[in-house]
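Okay, structure first, notes after.
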Amino acid sequence: MVQHLQADLAGATRYIYFQFFKFEADDLGKEIGELLIERAKAGVDVRVIYDAVACWYVPRRFFRHLQKGGVKVLGFNGLFSRNGIPVNFRNHRKIVSIDGAAAYVGGMNIARRYCDGVHGGIWRDTHLRLTDPTAIQELESIFLWDWTECKGDLQLPQHLMEVRSPGRTNDIENQKDEATLYHSPIHILPINPTDKVMRMDALICYMLHHAQRYIYFQSPYFIPSTTILSALKAARNRGVEVRLMLPIRGDKGILVPKATASHYDHLLREGVKIYLYRRGYMHAKTIVMDDRLTSIGSANIDPRSLRLSYEVTAVFTDGDTALQQRHIFEQDMAECKYLTLTDWRKRSFWQRFIEQFARLFEHHF
30 MVQHLQADLA
40 GATRYIYFQF
50 FKFEADDLGK
60 EIGELLIERA
70 KAGVDVRVIY
80 DAVACWYVPR
90 RFFRHLQKGG
100 VKVLGFNGLF
110 SRNGIPVNFR
120 NHRKIVSIDG
130 AAAYVGGMNI
140 ARRYCDGVHG
150 GIWRDTHLRL
160 TDPTAIQELE
170 SIFLWDWTEC
180 KGDLQLPQHL
190 MEVRSPGRTN
200 DIENQKDEAT
210 LYHSPIHILP
220 INPTDKVMRM
230 DALICYMLHH
240 AQRYIYFQSP
250 YFIPSTTILS
260 ALKAARNRGV
270 EVRLMLPIRG
280 DKGILVPKAT
290 ASHYDHLLRE
300 GVKIYLYRRG
310 YMHAKTIVMD
320 DRLTSIGSAN
330 IDPRSLRLSY
340 EVTAVFTDGD
350 TALQQRHIFE
360 QDMAECKYLT
370 LTDWRKRSFW
380 QRFIEQFARL
390 FEHHF
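Each residue of the sequence shown is one higher than the one before, starting from 30 at the first, in the working numbering.
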């Protein structure tokens, strides 16, 4: 994904909208930062949003360097922001749009580990490069809404008033085949903590209720709401095959992965097939259903993403993308440990105790 992104950034002639939950000042971050500065000096309107709390450890001089180079930089909702947004509301979106010709959305942030992996292996993620004009405009609208929430300028860029010719393809990065979606709409779903309806929760429940044959999930965490659990149980009662792929080890200390593991016994008893990814860290946030509906975005299946974070996901309603994502899931299964109820119940008393203790706090993660 990074090579395609860098090529698109280098070719920008009008504007770059660049938003990530984490934008780190490692060698990759600095390389992309210099590319953004180079484009800004060439007269391109370059705007960057990062989450101020998620990037608290990133040296301020890194973002000041971007600003001195002509890049417009805003941190979203810092600890001492005065924009009226509760500090617990974080912006977890990952959006890039370049000249209205290409856009990116998915699970990756800007940090070297997303390319090189972690000490336990590769960093397994899914990110999209979109060229559909309607999807790009929707992503830009979300970005500009976030820009105004950061107390940026309110003036709409001129390009939003321009008429664009229709595009034809959208690519799942790192895959050989392209999914042609010209005849099947792509829906960009923004998830905001201020919405009256929990949109990601509603999307997952919709897919579970309408699944007829199968539904496959990839997620770093699985701490579902009671409505999702009820919909999942109803799907299993109808004979729908439910597969869940999670990392074999977590990246957020001990409590979050243990809270996820506290649901395994119930899920396995319901007949959910659980696959623990062991080649590295599973960070993808994907859902595919019945070879006809696919969701790929930034939202995890946990209380923070469902209730407290600004997220975005792309929903595809065509069979080609669904088949492609199903094949990706099946390929990833070769790198997983298949968890059985018998094996799971062999864990120690202390493991069970820690899981239940972590579950007490799962709605506070």
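Beta carbons are placed, not taken as given, at the ideal position from N, Cα and C, and that holds for glycine.
On a predicted model such as this, the values are computed, not experimentally measured, just so you know.
- In the three-state scheme derived from DSSP, where H, G and I count as helix and E and B as strand, residue 287 is classed as helix.
- Collapsing the DSSP output to three states places residue 219 in a strand.
- Between the alpha carbons of residue 300 and residue 358 lies a gap of roughly 19 Å.
- The three-state secondary structure of residue 60, taken from DSSP, is helix.
- Secondary structure within the stretch 85-131: the alpha helix (DSSP H) runs of 4 or more consecutive residues, fully enclosed, are 89-97 (chain order).
- Residue pairing for residue 340: DSSP places it in a beta bridge opposite 220.
- In this structure, residue 153 sits away from residue 39, with a CB-CB distance that is not shorter than 8 Å.
- Looking at the DSSP output, residue 150 bridges to 147.
- In the three-state scheme derived from DSSP, where H, G and I count as helix and E and B as strand, residue 48 is classed as strand.
- Here residue 172 is buried, its C-beta having at least 16 other C-beta atoms within 10 Å.
- Here residue 292 is buried. Its C-beta has 16 or more other C-beta atoms within 10 Å.
- The C-beta separation of residue 311 from residue 276 comes to about 4 Å, placing the pair in contact by the 8 Å criterion.
- Boundaries of the alpha helix (DSSP H) around residue 234: 228-239.
- Pairing residue 176 with residue 46, the inter-Cα distance amounts to about 10 Å.
- From the listed residues 303, 384, 34, the smallest Cα separation to residue 361 is found for 303.
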